[in-house]
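Enquirer:
In UniProt numbering, the protein residues as written are 1 to 231.
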């Protein structure tokens, strides 16, 4: 997947730094850099920009105000020398907030977050995925998937059909394909949250089977999957 991005910052040195960083990341494609937000409108109006690296503090219009003015804004990573704007940045659903001067490792972390978010967005636009099964590419409806099980170098996709689908791929690749309602709960299992019947004693009951919740996955399961739903 390629991410089309632009940079908006009133500081030439900041643009030079970010441009250099973007060029080091294979899945980022820079489509322009701009000193003033309004100068970016032409490229933004094409609808082909996925991500903006956006300075917060600019003379005529702040980055946050500019983002709010867009009818259909792309995803954004704010870049600022001021930490106190971070809360406002996340209020407008920023993927990340980078503090200047931005080290490359921190830039890369933000880029990886953007990649995960945008891949998930693509998955959510469809109600199916395609997986390789032997020499065929098979369409799998998301609604049909109950859970995914690691099996040697393969994954078994357990669906509403009697036999699982065996595909040669990794959990990481599958996590990138699937939307948020699929959750890794064990090094060998990923489940559809929608298919949970019950859970107890670090086990989830799905499709006539108890699936273990791994110790390292337990906290995130109860926090993000169960959360406030538990009464």
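For glycine and all other residues, C-beta sits at the position ideal for the given N, C-alpha and C.
Source: prediction; values computed, not measured.
#1: Just to confirm, is the Cβ distance from residue 79 to residue 55 under 8 Å?
#2: Can the beta-carbon of residue 8 be found closer than 8 Å to that of residue 64?
#3: Does the Cβ of residue 60 lie closer than 7 Å to at least one heavy atom of the ligand FAD?
#4: Could you tell me how far apart the beta carbons of residue 159 and residue 145 are, in whole angstroms, since I believe they sit closer than 8 Å?
#5: Since I believe residue 58 is in contact with residue 74 (beta carbons under 8 Å), could you give me their beta-carbon distance rounded to a whole number of angstroms?
#6: Short of 6 Å in beta carbon distance, which residues of its chain neighbour residue 85, apart from the five on each side in sequence? Order them along the chain.
#7: By the DSSP assignment, the alpha helix (DSSP H) with residue 43 in it spans what residues?
#8: In chain order, what are the residue ranges of uninterrupted alpha helix (DSSP H) at least 4 long that sit wholly in the UniProt domain "HTH LytTR-type" (129–200)?
#9: For a quick check, are the C-beta atoms of residue 99 and residue 83 less than 8 Å apart?
#10: Given this structure, state the Cα-to-Cα distance separating residue 25 from residue 198, to the nearest angstrom.
#11: Taking the beta carbon of residue 1 as the centre, do at least 16 other beta carbons fall within 10 Å, making it buried, or is it exposed?
#12: So what does DSSP say about residue 214, is it helix, strand or coil?
#13: What does the Cβ neighbour count give for residue 33, buried or exposed, with the cut at 16 atoms within 10 Å?
#14: Let me make sure I understand the geometry here. Which of 175, 103 and 179 has the alpha-carbon closest to that of residue 186?
#15: Tell whether a beta-carbon distance below 8 Å holds between residue 129 and residue 178.
#16: By Cβ distance below 7 Å, which residues in the same chain neighbour residue 62 in space, the five residues on each side in sequence not counted?
#17: Only counting the same chain, and skipping five residues up and downstream in sequence, which positions put a Cβ closer than 6 Å to that of residue 18?
Expert: Reading it off the structure:
#1: yes
#2: no
#3: Here there are no bound small molecules, and the ligand FAD is not part of this structure.
#4: 6 Å
#5: In fact, because the Cβ distance is near 18 Å, the residues do not count as touching under 8 Å.
#6: 56
#7: 41–44
#8: 171–177
#9: yes
#10: 42 Å
#11: exposed
#12: coil
#13: buried
#14: 175
#15: yes
#16: 56
#17: 7 and 53
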